[in-house]
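First the structure, in the form of structure tokens, and then the observations on it.
2 protein chains.
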Amino acid sequence: MSLIIIGTVAFDAIETPFGKTDKIVGGAATYASLAASYFYNKVKIVGVVGDDFHQEDISTFTKHGIDTEGLQIKEGEKSFFWSGKYHNDMNSRDTLITELNVLADFDPIIPESYQDCEYLMLGNLTPQVQQTVIKRLKNRPKLIVLDTMNFWMDIALNDLLDTLKMIDVLTINDEEARQLSGEYSLVKAAKKILEMGPKYLIIKKGEHGALLFHEDKVFSTPALPLAEVFDPTGAGDTFAGGFIGYLAKVGTINFDTMKNAIIYGSALASFCVEKFGTEKIVNLTEAEVAGRIQEFVNLSAFTLTEA
Amino acid sequence: MSLIIIGTVAFDAIETPFGKTDKIVGGAATYASLAASYFYNKVKIVGVVGDDFHQEDISTFTKHGIDTEGLQIKEGEKSFFWSGKYHNDMNSRDTLITELNVLADFDPIIPESYQDCEYLMLGNLTPQVQQTVIKRLKNRPKLIVLDTMNFWMDIALNDLLDTLKMIDVLTINDEEARQLSGEYSLVKAAKKILEMGPKYLIIKKGEHGALLFHEDKVFSTPALPLAEVFDPTGAGDTFAGGFIGYLAKVGTINFDTMKNAIIYGSALASFCVEKFGTEKIVNLTEAEVAGRIQEFVNLSAFTLTEA
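Protein chains in written order, with the working numbering: chain L, 1098 to 1404; chain G, 1098 to 1404.
Quick look at the structure:
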């Protein structure tokens, strides 16, 4: 049994009000698999890189016990590269460079050893590629989580809608939920989106936390108020990885375990933004993670006392 | 012992995407005192109206057991009038008309029967008037809560800063916290504001809930996700009134009772936005209030289960 995470594996160059990086390892599958590895020890990655992705870059994964058999290395080609600059409020950013490179014709290969997949995280990629992965698994995983973004709603909406019919959990941000549903109210948006296929919907609200919708139920969790958001890159992917990593570990899927999964995902995401790229989340101790989760509990827990 | 609420008592004309009202009773003290009256039965109001404010308008208060001895009625003058129009997203509005009328030279008179004040809510008004009320009370109340807005930061900052030194709890929204502190991060903003005088700071984030800061502690509560926000007018005042009404009832001031007070205030505010003006909050049953508070508990409660 295993957890497969598919998504971009990339080089990023990031500029924030606090500084800038050279090319550093990034990508949705990178953040998500690192996050998941803190809770579950059978994480397997599917992705593609060029031969500029060296052994030491791959060791980012292997040090965390992440299986990289499904990470294709294209000789003579270059890895996906993204460069972006965040504005002062850290809530918006400009993309400076996007070089698709190996990603342009990415055909996700599922190694035979990955066919024990029980949990599947489809990180942000074209809906077509996400769908291909589902189809190439011989057995339908117990849980399929899909992350996407407004870009695919703009240019590949029908593919996305088809894919939504095949999954269990969708994670998107509030603006994307509004775009996908055509509803401003997130309650109305959630109702419409849950009719599109997913049984659970997570709406990520950045510094305002996240909402989980399922049937008629809703759960709200805050983000940890931070003195400094250093670099938001990868926070959503880290959240998703921590979320599915937790669920893979506990092995039970229901509204209560989902609530916990959101707390675990949020805790890891709160680390992610404290340093550039994956710098913080490659080196967390068990005590740090447990401490942060307790901070989340303290942040919203109260004992109701009647007036 | 009593709870005094000072603030505007006004006529409002409101336009939202859902419709528009004629002149209806509004104002910070109106919303706050109605909200407080659900939890505490010795609520006393201080304010000023013109002779266009009729006996039936005053009965809005008296029906809720609210003492109106401190509500001055100026013969031959007109009540404060505000008219506003909300945009489609309901998060921003245009003020169409502001007629100060009786409010222009409001001198808050504290009746002798109000000198038993133990809890004081200073609703949004000029900081000078808020300060005058504190000075006219012979005994310093056990708890002073102040609500203000960006307008006073723009035109009466020094008066506001003086007043902040005299209070216990400040309630403002996120943009106002940023303006008052000069810090974008709410954690940093809170640290600076707590150094200005208040021992507790509540940052209201509208549809994203509220944050409570005290010493090094922080508590986060969500807003109830609503399918329809019909009219946001008065939600902040309703929150503040429910907040201090709860505290007056339980009579103990600490971080834990404050958490509960925020839940109670948020629950009443969630009713407020469901109809125009005070329409919803004038007629709540005990069962409705208890049910809504339970919804808040369900919204954010979870039992931590380790991965």
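Using N, Cα and C, we set each Cβ at its ideal position, and we do this for glycine too.
Quick caveat, the model's predicted, so the values are computed rather than measured.
message = With a threshold of 8 Å between beta-carbons, can D1313 of chain G be considered close to chain L, or not?
response = For D1313 of chain G, the answer is no, since every Cβ of chain L falls outside 8 Å of its Cβ.
Close Cβ partners of G1331 of chain G (< 6 Å) along its chain, the five nearest in sequence each way excluded = Cβ contact annotation for G1331 of chain G (same chain, cutoff 6 Å, sequence separation greater than five): Y1128, C1369, in chain order.
message = Could you pull the DSSP bridge partners for W1179 of chain G from this structure?
response = For W1179 of chain G, the beta-bridge partners assigned by DSSP are G:D1109, G:T1195.
key: CB contact below 8 Å: K1377 of chain G versus chain L   = Closer than 8 Å: no.
Ordered list of alpha helix (DSSP H) runs contained in the region 1197–1268 of chain G, each at least 4 residues = Within the region 1197–1268 of chain G, the complete alpha helix (DSSP H) runs of at least 4 residues are 1224–1233, 1247–1252, 1254–1261.
ask   = Can you tell which of G:V1106, G:A1107, G:G1144, G:V1122 has its C-alpha closest to the C-alpha of E1376 of chain G?
value = Closest by alpha carbon: G:V1122.
inquiry  = Would the region 1376–1390 of chain L count as touching the region 1357–1364 of chain L if we require 3 or more Cβ pairs under 8 Å?
reply    = Yes, the region 1376–1390 of chain L touches the region 1357–1364 of chain L.
task = Mind checking which residues open and close the alpha helix (DSSP H) that includes E1385 of chain L?
result = Counting along the chain, the alpha helix (DSSP H) containing E1385 of chain L begins and ends at 1383–1397.
ask   = Checking contacts by CB at 8 Å: is S1210 of chain G closer than that to chain L?
value = No, S1210 of chain G lies away from the interface with chain L (no Cβ there is under 8 Å from its Cβ).
ask   = Roughly how far, in whole angstroms, is the beta-carbon of Q1276 of chain L from the beta-carbon of M1250 of chain L, given that I think they are within contact range, below 8 Å?
value = That belief holds up - the Cβ atoms of Q1276 of chain L and M1250 of chain L are roughly 5 Å apart, short of 8 Å.
message = Let me confirm a value: M1098 of chain L is counted as buried when at least 16 other C-beta atoms fall within 10 Å, else exposed. Which label applies?
response = Looking at its Cβ environment, which holds fewer than 16 other Cβ atoms inside 10 Å, M1098 of chain L is exposed.
message = Quick check on K1296 of chain G - is its C-beta less than 8 Å from some C-beta in chain L?
response = False, the Cβ-Cβ gap to chain L never drops below 8 Å.
request  = List the residues of chain G that F1327 of chain L touches, going by C-beta distances under 9 Å, in chain order.
outcome  = Within 9 Å Cβ-Cβ: nothing; F1327 of chain L doesn't reach chain G, min ~11 Å.
query = Excluding sequence positions up to five away, which residues of its chain have a Cβ less than 8 Å from the Cβ of K1372 of chain G?
reply = For K1372 of chain G, same chain residues with a beta-carbon under 8 Å away, outside a window of 5 residues either side, are F1327, D1328 in chain order.
L1323 of chain L - containing beta strand (DSSP E), residue span = Per DSSP, L1323 of chain L belongs to no beta strand (DSSP E) and is neither H nor E.
ask   = Of all Cβ atoms in chain L, is any one closer than 8 Å to the Cβ of T1335 of chain G?
value = By this cut-off, T1335 of chain G is not an interface position.
Expected contact under 8 Å - CB spacing of Q1227 of chain L and L1243 of chain L to nearest Å = Confirmed, about 6 Å.
task = Would you verify that the beta carbon of L1401 of chain G is, or is not, closer than 8 Å to some beta carbon of chain L?
result = Yes - at least one Cβ of chain L is within 8 Å of the one on L1401 of chain G.
task = May I ask you to report which of helix, strand or coil DSSP gives I1163 of chain L?
result = In this structure, I1163 of chain L counts as coil in the three-state DSSP scheme.
ask   = So which of L:I1111, L:K1288, L:E1273, L:G1348 has the shortest CA-CA distance to R1190 of chain L?
value = Closest option to R1190 of chain L, Cα to Cα, is L:I1111.
ask   = Hey, quick one: how far does the alpha helix (DSSP H) through Y1361 of chain L stretch, first residue to last?
value = Bounds of the alpha helix (DSSP H) holding Y1361 of chain L are 1352–1369.
key: Where L1298 of chain L falls: helix, strand or coil (DSSP)   = Strand at L1298 of chain L.
Contact with chain G by S1099 of chain L, beta-carbon distance below 8 Å = Under the Cβ criterion of 8 Å, S1099 of chain L is not counted among the residues facing chain G.
query = If we call anything under 8 Å between Cβ atoms a contact, is F1177 of chain G one with V1143 of chain G?
reply = No, the pair does not count as a contact, with Cβ atoms beyond the cut-off.
ask   = Where K1171 of chain G and V1106 of chain G are concerned, what is the direct C-alpha to C-alpha distance, given to the nearest angstrom?
value = Near 13 Å, if we compare the C-alpha coordinates of V1106 of chain G and K1171 of chain G.
key: Expected contact under 8 Å - CB spacing of L1309 of chain L and K1356 of chain L to nearest Å   = Yes, L1309 of chain L and K1356 of chain L are in contact; Cβ-Cβ is about 7 Å, under 8 Å.
inquiry  = Against chain L, which members of the region 1353–1372 of chain G pass a CB distance test of less than 8 Å?
reply    = For the region 1353–1372 of chain G, residues whose beta-carbon sits nearer than 8 Å to a beta-carbon of chain L comprise D1353, T1354, K1356, N1357, I1360, Y1361.
inquiry  = Against A1324 of chain G, what residues of chain L qualify as contacts under a CB-to-CB distance less than 7 Å, listed in chain order?
reply    = What A1324 of chain G touches in chain L: S1282, V1284, K1285.
Residue from G:G1173, G:F1115, G:D1334 with nearest C-alpha to I1103 of chain G = From the listed residues G:G1173, G:F1115, G:D1334, the smallest Cα separation to I1103 of chain G is found for G:D1334.
ask   = When the Cα atoms are used, what is the spatial distance from I1207 of chain L to G1116 of chain G?
value = Their Cα atoms are separated by approximately 56 Å.
key: Beta-carbon neighbours of K1289 of chain L, restricted to chain G and to distances below 8 Å   = Those do not exist, as K1289 of chain L stays about 11 Å from chain G at its closest Cβ, beyond 8 Å.
task = Please report the residue range of the alpha helix (DSSP H) in which A1332 of chain G lies.
result = Unbroken alpha helix (DSSP H) run through A1332 of chain G: 1332–1347.
C-alpha distance - Q1212 of chain L paired with N1236 of chain L, whole-angstrom precision = Those two C-alpha atoms are separated by around 8 Å.
task = Pick helix, strand or coil for S1099 of chain L, following the three-state DSSP scheme.
result = S1099 of chain L falls in the strand class under three-state DSSP.
query = Buried or exposed: L1257 of chain G, going by 16 or more other Cβ atoms within 10 Å of its Cβ?
reply = It is buried - the Cβ of L1257 of chain G has at least 16 other Cβ atoms within 10 Å.
query = With 8 Å set as the bound, which would you pick, yes or no: does the beta-carbon of P1224 of chain L sit closer than that to a beta-carbon of chain G?
reply = Taking Cβ atoms only, chain G never reaches closer than 8 Å to P1224 of chain L, which makes this a no.
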